[in-house]
Ligand code: ATP
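Numbering (the numbering used here), first residue to last: 18 to 509.
See the structure below:
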């Protein structure tokens, strides 16, 4: 927090008239501001809220209760020999009022000469564009490791819980990404249930995080049992993923390897992109968080940026984890003119985070094509690698048919060579569909499945590659120029 404290002190010292602290943690903000005013003996802190009015200044208590304009007028008259920070709670709600907005602008210009500062605290408020210029925004990160450690040890001491150094470290690590309030709630629950803090609380903390994700509009916590052995083919991708998994270890850090950033999977529908995202999470034993891009951009203008920030915070709090950005091309391929540049800004934030992140969040982005994909995403170095998931080769088709047959009729052994050779152009999903169709046919006659059922079913399905051939050729052309690696080891 040292860095944040320094930034805040500097803003106050340099006479910043209007500061917005972006955070949901109003109480924590207040504590930090109190600490800051304690550090500089000559600055006074006044707080204001709509119900109680002004507090913290002798002889002015209660001024401006239910009258937001009155408190601004009060601050305007405060002598410049008494530098004052006014922490005006919920004040952003009143800025729609033309009088308040004008007064804020007047004060912003006057406070360049007088040393007062107005402090606002809100998380997803989007300031109007004319106020935007007067505001300085400071993001408050969630509690850092040392803060959490102090918080947890204080709670443990107060409740006579004898935490070993190791348990304290584990709990601190598990709580990373939770707000102070949530940590207190988890601790209160643990104390009510067991009378002390202990290792047994780790599971509760994880559950708290899962619930935080569940409350989020745009993230979905995905339980999955898929594993790489459920994927037929894509062997080059599997080898690469194994290498990257190893790079998450402490040994890899000591070796000097950076944490893996992520992978972009491009390919036609049904070629196993989602299946791969799920299999990575399951086989790496990491939680899978799916980002719903549609919901990210739905709702109020400006809200998307707050949602994107929140998504990143949640993902970091769950690290190590997989952040699966499904259909990334659909989300960011919009026209900047039609959404006021929102998708461009969100994309820029996401890219900056990906470039700078030091947490173990592995991003798996999936896309059907590149025609709507912003160029920035395809540039080398954004993802660790870009893979093209093409339609399966003959061997892969054989493997996929075999897998789906074994999943449903484990004891049945059918020759699959003919079906595999007659299903050129089928995607993995279409091969699965072929097996299911054939089974319907056999079941309707109450008999065992035969090779001929599979052959018949394959003739009745028109694969997407027939209808979307042009798009697929374009994608392959693009990839063959070295911009993406084939996910399959191509033998034929
Ligand atoms: P979309 O672009 O439409 O989202 P996708 O590439 O993500 O498609 P998946 O959802 O992964 O495709 O595939 C759908 C289903 O098809 C999978 O759940 C799986 O049952 C089957 N499938 C696809 N590819 C393979 C494969 N290589 N091996 C085994 N099954 C596969």
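Heads up, the beta-carbon is just placed ideally off N, CA and C, and yes, glycines get one too. Because the structure is a prediction, the values reported are computed rather than measured.
Same chain only: Cβ atoms within 8 Å of residue 274, ignoring 5 sequence neighbours per side = Against the chain shown, residue 274 aligns to sequence position 257. Excluding residues within five positions, the ones whose Cβ falls inside 8 Å are 264.
Roughly how many angstroms lie between the CA atoms of residue 161 and residue 220, to the nearest whole one?
-> As a first step, residue 161 is located in the chain shown; it is residue number 144 there, counting from the start. As a first step, residue 220 is located in the chain shown; it is residue number 203 there, counting from the start. Each residue's alpha carbon lies about 20 Å from the other.
Would you list the one or two residues that DSSP bridges to residue 67?
-> The residue labelled residue 67 in the question sits at position 50 within the chain shown. Listed as beta-bridge partners of residue 67 by DSSP are no residues whatsoever.
With contact counted as at least three CB pairs below 8 Å, one residue from each stretch, are the stretch 123-142 and the stretch 91-100 in contact?
-> These segments touch.
Which of helix, strand or coil does DSSP assign to residue 140?
-> Taking the chain shown and counting its residues from 1, one reaches residue 140 at position 123. Three-state result, residue 140: coil.
List in chain order: all unbroken alpha helix (DSSP H) runs of 4+ residues lying wholly within the stretch 47-94.
-> Uninterrupted alpha helix (DSSP H) stretches at least 4 residues long and entirely within the stretch 47-94 occur at 85-94, given in chain order.
CA-CA distance, residue 211 and residue 217?
-> For the purposes of this step, residue 211 is taken as the residue at position 194 of the chain shown. For the purposes of this step, residue 217 is taken as the residue at position 200 of the chain shown. When rounded, the separation of the alpha-carbon atoms in residue 211 and residue 217 is 9 Å.
Can you give me the Cβ contacts of residue 498 inside the same chain, cut-off strictly under 7 Å, excluding the 5 residues immediately before and after it?
-> As a working mapping, residue 498 is identified with position 481 in the chain shown. Contacts found: none.
Residues near residue 111 in its chain [Cβ-Cβ closer than 6 Å; skip 5 each side] = Looking up residue 111 in the chain shown gives position 94. Within the same chain, and ignoring the five residues on either side of residue 111 in sequence, the residues whose Cβ sits closer than 6 Å to its Cβ are 85, 117.
In the DSSP assignment, find the unbroken alpha helix (DSSP H) run with residue 408 in it and report its ends.
-> Reading the chain shown from its first residue, position 391 is the one you call residue 408. Residue 408 -> no alpha helix (DSSP H), and no H or E assigned at all.
Should residue 133 be labelled buried (16 or more other beta-carbon atoms within 10 Å of its own) or exposed?
-> Position 116 of the chain shown, counted from the first residue, corresponds to residue 133. Buried is the label assigned to residue 133, since at least 16 other Cβ atoms lie within 10 Å of its Cβ.
Looking only at DSSP bridge pairs, what is residue 236 linked to?
-> Residue mapping note: residue 236 aligns to position 219 of the chain shown, counting from 1. Per DSSP, 308.
What's the gap between the Cα of residue 72 and the Cα of residue 308?
-> By one-based count along the chain shown, residue 72 stands at place 55. By one-based count along the chain shown, residue 308 stands at place 291. It is roughly 43 Å from the alpha-carbon of residue 72 to the alpha-carbon of residue 308.
Minimum C-alpha distance to residue 373 - residue among 398, 501, 169 = Residue numbering aside, residue 373 sits at position 356 when the chain shown is read from its first letter. The shortest Cα separation from residue 373 among 398, 501, 169 belongs to 398.
Could you say which of 38, 108, 33, 193 lies nearest to residue 333 if we only look at CA atoms?
-> As a working note, residue 333 is residue 316 in the chain shown. That would be 193, whose Cα lies nearest to the Cα of residue 333.
Take residue 294 and list the residues in its own chain whose beta-carbon comes closer than 6 Å to its own, dropping the five residues that flank it on each side.
-> Along the chain shown, one-based indexing puts residue 294 at 277. In chain order, 341, 381 place their CB closer than 6 Å to the CB of residue 294, counting only its own chain and leaving out the 5 sequence neighbours on each side.
Report whether the distance from the Cβ of residue 417 to the nearest heavy atom of the ligand ATP is below 8 Å.
-> Taking the first residue of the chain shown as position 1, residue 417 is located at position 400. Answer for residue 417: yes, Cβ within range of the ligand ATP.
List the endpoints of the continuous beta strand (DSSP E) containing residue 392.
-> Indexing the chain shown from 1 puts residue 392 at position 375. Going by DSSP, residue 392 is part of no beta strand (DSSP E) but of the alpha helix (DSSP H) stretching over 392-395.
Whose CA, out of 238, 463, 180, 503, lies closest to the CA of residue 306?
-> Locating residue 306 in the chain shown gives position 289, where the first residue counts as 1. The shortest CA-to-CA distance from residue 306 to any of 238, 463, 180, 503 is the one to 238.
Between residue 299 and the rest of its own chain, which residues show a CB-CB distance below 7 Å, the 5 nearest in sequence each way excluded?
-> As a first step, residue 299 must be located in the chain shown, where it is residue number 282. Around residue 299, the same chain offers 241, 242, 243, 244 as residues with beta carbons nearer than 7 Å, after the five sequence neighbours per side are excluded.
Identity of the residues DSSP links to residue 282 by a beta bridge = Your numbering for residue 282 matches position 265 in the chain shown. 383, 404.
Cβ-Cβ distance between residue 137 and residue 45 below 9 Å | Indexing the chain shown from 1 puts residue 137 at position 120. Indexing the chain shown from 1 puts residue 45 at position 28. In this structure, residue 45 does not lie closer than 9 Å to residue 137 by Cβ.
In chain order, what residues of the same chain have a beta carbon less than 7 Å from the beta carbon of residue 197, not counting five sequence neighbours either side?
-> Along the chain shown, one-based indexing puts residue 197 at 180. 42, 45, 160, 168, listed in sequence order.
Which word fits residue 304, buried or exposed, when buried means at least 16 other C-beta atoms lie within 10 angstroms of its C-beta?
-> Counting from 1 along the chain shown, the entry for residue 304 is found at position 287. Buried.
Assign residue 102 to one of two classes, buried (16 or more other C-beta atoms within 10 Å of its C-beta) or exposed (fewer than that).
-> As a working mapping, residue 102 is identified with position 85 in the chain shown. If you draw a 10 Å sphere on the C-beta of residue 102, you find 16 or more other C-beta atoms in it, and that means buried.
With DSSP collapsed to three states, give me the class of residue 370.
-> Your numbering for residue 370 matches position 353 in the chain shown. DSSP places residue 370 in the helix class (H, G or I) of the three-state scheme.
Proximity of residue 416 and residue 311 at Cβ, strictly below 9 Å | Taking the first residue of the chain shown as 1, we reach residue 416 at position 399. Taking the first residue of the chain shown as 1, we reach residue 311 at position 294. For the 9 Å CB-CB criterion, residue 416 and residue 311 do not form a contact.
Who pairs with residue 39 in a beta bridge, going by DSSP?
-> Stepping through the chain shown from its first residue, residue 39 is reached at position 22. Here residue 39 is bridged, per DSSP, to 139, 156.
Can you check the stretch 139-220 for any alpha helix (DSSP H) of at least 4 residues that lies completely inside it and give the ranges in chain order?
-> Taken in chain order, the complete alpha helix (DSSP H) segments of 4 residues or longer contained in the stretch 139-220 are 146-149, 162-175, 182-192, 197-211.
Where does residue 119 fall in DSSP's three states?
-> Taking the chain shown and counting its residues from 1, one reaches residue 119 at position 102. Reduced to three states, the DSSP call for residue 119 is helix.
Under the DSSP definition of a beta bridge, which residues are partnered with residue 328?
-> To locate residue 328, count along the chain shown from 1; it is residue 311. Per DSSP, residue 328 has no beta-bridge partner at all.
With a Cβ-Cβ cutoff of 9 Å, do residue 471 and residue 447 count as a contact?
-> Along the chain shown, read from residue 1 onward, the residue named residue 471 stands at position 454. Along the chain shown, read from residue 1 onward, the residue named residue 447 stands at position 430. The answer is no: Cβ separation not under 9 Å.
From residue 143 to residue 99, what distance separates their C-alpha atoms?
-> Numbered from 1 along the chain shown, position 126 holds the residue referred to as residue 143. Numbered from 1 along the chain shown, position 82 holds the residue referred to as residue 99. In this structure, the alpha-carbon of residue 143 lies about 31 Å from that of residue 99.
Taking contact to mean at least 3 C-beta pairs separated by less than 8 Å, is the stretch 426-433 in contact with the stretch 397-412?
-> The count of Cβ pairs closer than 8 Å, one atom from the stretch 426-433 and one from the stretch 397-412, stays below three, leaving the stretches out of contact.
Where the alpha helix (DSSP H) through residue 33 begins and ends | As a working note, residue 33 is residue 16 in the chain shown. Premise fails: residue 33 is in no alpha helix (DSSP H) and is neither H nor E.
With hydrogens ignored, establish whether the beta-carbon of residue 293 is closer than 8 Å to any heavy atom of the ligand ATP.
-> On the chain shown, position 276 is the one that residue 293 refers to. Indeed, a heavy atom of the ligand ATP lies less than 8 Å from the Cβ.
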